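Novice:
In our numbering, the protein residues as written are 222 to 774.
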């Protein structure tokens with residue numbers, strides 16, 4: 222049977238923008254009305270297309286990032302990968318500003334893993350795809366390599382893996398590279414597993430494979446003994462009505478010979494029995510026999526949550542809830558031969574198929590972080606945790622820690638990438654990266670008009686158009702109390718002059734309207750932006766009544 226990829230095509234996005242642009246254009250902007258009519262009928266006349274050009278219009282508000290790393294010797298340099306938000310980005314001022322590196326080189330905009338070669342930091346490896354399994358999964362097209370700190374890139378293959386979950390590079394040999402593939406997010410896939418390259422990505426061999434339902438969701442290397450790696454296998458798979466995220470082949474695997482042979486250690490003393498869900502792994506570099514595993518697991522079944530809750534689930538019963546009896550943060554002191562559960566905080570397992578991340582401090586073996594809707598930190602080996610409260614956005618997927626200075630970190634989550642140089646007391650803004658994942662686009666009936674869209678794990682937002690050519694739109698810090706991806710169109714809203722008396726955002730009351738000045742640059746003109754979660758008007762000059770909802774983040 223042929224399986225079709227039903228992800229939105231560039232043509233659909235182009236049509237939305239093109240029709241919106243024509244609807245708001247003046248008569249002098251459309252050279253041929255018959256051509257415009259032809260476009261509405263499904264064909265685009267060349268004369269219409271000639272007057273259009275792509276340009277970034279913002280908003281400069283970060284979107285989901287699940288991969289990133291910092292330069293080992295330049296404290297202000299970090300790289301981050303964005304899912305659906307424009308590929309790879311770099312900052313050389315510790316997150317004050319970001320610029321894109323991958324435009325013109327990558328065949329996809331979604332990045333799922335990123336690694337810097339420790340022995341030569343100009344060498345970067347980037348895996349594409351998305352392994353935070355929402356209902357919308359954008360496939361990747363393999364692994365990319367840069368030899369000049371991101372100025373140029375080459376595609377190194379593995380395109381059929383679709384979603385690369387992790388990359389590990391030998392600390393002394395940048396040509397020895399491992400890539401973990403979770404594979405296709407919707408159907409069985411033979412391209413799952415762990416791949417190894419001995420020539421910097423020119424050729425690949427698969428060294429670990431379970432089956433076409435079970436991929437590899439995490440891979441970590443012991444830097445003191447690079448031939449030792451741990452892999453976590455997972456059968457996460459999306460269906461139209463739910464997700465499959467627990468199975469008998471989910472577990473932990475270990476190699477001590479660089480991947481030539483692997484041993485499954487999923488049933489050793491201390492680990493939970495029964496089906497397991499998504500697993501995250503890490504190693505305490507300062508004590509490499511200390512290994513961490515965060516997982517959902519059936520355990521003895523007393524949690525009572527393994528029951529079918531939708532058609533078609535009776536034969537596999539997912540563990541995606543808070544309270545499965547085997548859920549926990551597990552710690553090994555002997556390289557994975559035995560384990561003990563040190564924490565089972567339900568906050569660690571909110572939507573575990575989307576999160577489930579553990580990160581060990583590289584300099585202090587007793588410091589460990591768990592990432593979910595918040596980031597929790599332990600300083601006593603996992604016995605107790607405190608939530609970090611200074612981050613600019615919630616829903617966390619990545620945390621890179623400098624192996625020589627653990628105060629220097631890069632975080633990645635649904636709000637973008639953020640940097641701290643003081644151990645998390647303060648973080649850089651996420652209001653400086655145009656990487657938001659926008660679910661659709663529309664324009665209102667203002668003149669000049671505004672382009673409005675709902676953003677993943679954020680509010681709906683409008684930006685003024687047209688921007689001056691070469692202008693640089695920057696949004697101020699926004700906080701509306703936690704909007705979701707809902708886009709409701711109602712009757713046309715009042716004219717701009719009627720809104721000028723509306724008060725600014727009231728955080729205490731959770732008001733959903735804000736007006737703040739925006740510097741467009743290049744011409745000194747100042748305009749305003751409105752952010753609202755609950756309403757936006759229909760296309761120019763008309764209105765329609767409908768609601769669109771998406772899965773909340």
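Ideal Cβ positions, reconstructed from N, Cα and C, are used throughout, including at glycine.
Quick caveat: nothing in here was measured; it's all calculated off a predicted structure.
Cutting at 8 Å between CB atoms, please list the residues of its own chain near residue 642, excluding the five before and the five after it.
Specialist: 296, 315, 628, 629
Novice: Contact between the stretch 385 to 393 and the stretch 439 to 448: three or more CB pairs below 8 Å?
Specialist: yes
Novice: How far does the beta strand (DSSP E) with residue 269 in it extend, from its first residue to its last?
Specialist: Taken as a continuous stretch (DSSP letters only), residue 269 belongs to no beta strand (DSSP E), being part of the alpha helix (DSSP H) at 267 to 271.
Novice: Applying the criterion that 16 or more other CB atoms from any shown protein chain within 10 Å of the CB defines a buried residue, is residue 462 buried or exposed?
Specialist: Exposed, by the Cβ-count rule.
Novice: Can you look up residue 661 in the DSSP assignment and give me helix, strand or coil?
Specialist: Residue state, collapsed to three classes: coil.
Novice: Have a look at 330, 338, 366, 626 and flag the residue whose alpha-carbon is nearest the alpha-carbon of residue 360.
Specialist: 330
Novice: Among the residues of its own chain, which have a CB less than 7 Å from the CB of residue 600, if the five just before and after it don't count?
Specialist: Spatial neighbours of residue 600 in its own chain (CB-CB distance under 7 Å, excluding positions within 5 residues in sequence) are listed in chain order as 587, 588.
Novice: Near residue 380, which residues of its chain fall below 6 Å by C-beta distance, leaving aside the five closest residues on each side in sequence?
Specialist: 362, 363
Novice: Starting from residue 346, trace the beta strand (DSSP E) both ways and give me its first and last residue.
Specialist: 345 to 349
Novice: Can you grab the Cα-Cα spacing for the pair residue 478 / residue 449, in whole Å?
Specialist: 6 Å
Novice: Just reading off the beta strand (DSSP E) that residue 598 is part of, what are its end residues?
Specialist: 596 to 599
Novice: Which of helix, strand or coil does DSSP assign to residue 251?
Specialist: Per-residue confidence for residue 251 stands at a pLDDT of 40, beneath the threshold of 50, marking its modelled position as unreliable; no derived number is given.
Novice: Among 605, 662, 579, which one has its Cα closest to the Cα of residue 620?
Specialist: Ranking 605, 662, 579 by Cα distance to residue 620 puts 579 first.
Novice: Could you check the C-alpha separation between residue 640 and residue 268 for me, to the nearest Å?
Specialist: 46 Å
Novice: Given a cut-off of 7 Å on the beta-carbon distance, is the pair residue 520 and residue 557 in contact?
Specialist: no
Novice: Grouping DSSP H, G and I as helix and E and B as strand, with all else coil, what is residue 567?
Specialist: helix
Novice: Can you find the residues in the same chain that come closer than 8 Å, C-beta to C-beta, to residue 594, ignoring five residues on each side of it along the sequence?
Specialist: 568, 571, 576, 615, 616, 617
Novice: Can you tell me whether residue 380 is helix, strand or coil according to DSSP?
Specialist: helix
Novice: Name the residue from 485, 470, 623 whose alpha carbon lies nearest to the alpha carbon of residue 455.
Specialist: 470
Novice: I believe residue 431 touches residue 453 by the beta-carbon criterion, under 8 Å. Please report the beta-carbon distance rounded to the nearest angstrom.
Specialist: Not confirmed; about 11 Å, so no contact.
Novice: Near residue 373, which residues of its chain fall below 8 Å by C-beta distance, leaving aside the five closest residues on each side in sequence?
Specialist: Within the same chain, and ignoring the five residues on either side of residue 373 in sequence, the residues whose Cβ sits closer than 8 Å to its Cβ are 326, 367.
Novice: With DSSP as the reference, label residue 299 as helix, strand or coil.
Specialist: strand
Novice: Measuring CB to CB, does residue 610 end up less than 7 Å from residue 307?
Specialist: Residue 610 is not a Cβ neighbour of residue 307, given a cutoff of 7 Å.
Novice: Taking the alpha carbon of residue 605 as the reference point, which residue from 286, 451, 550, 503 has its own alpha carbon closest?
Specialist: 550
Novice: Tell me, please, which residues DSSP counts as bridged to residue 799.
Specialist: Residue 799 falls outside the range modelled here, since the chain spans only 222 to 774, and no answer is possible.
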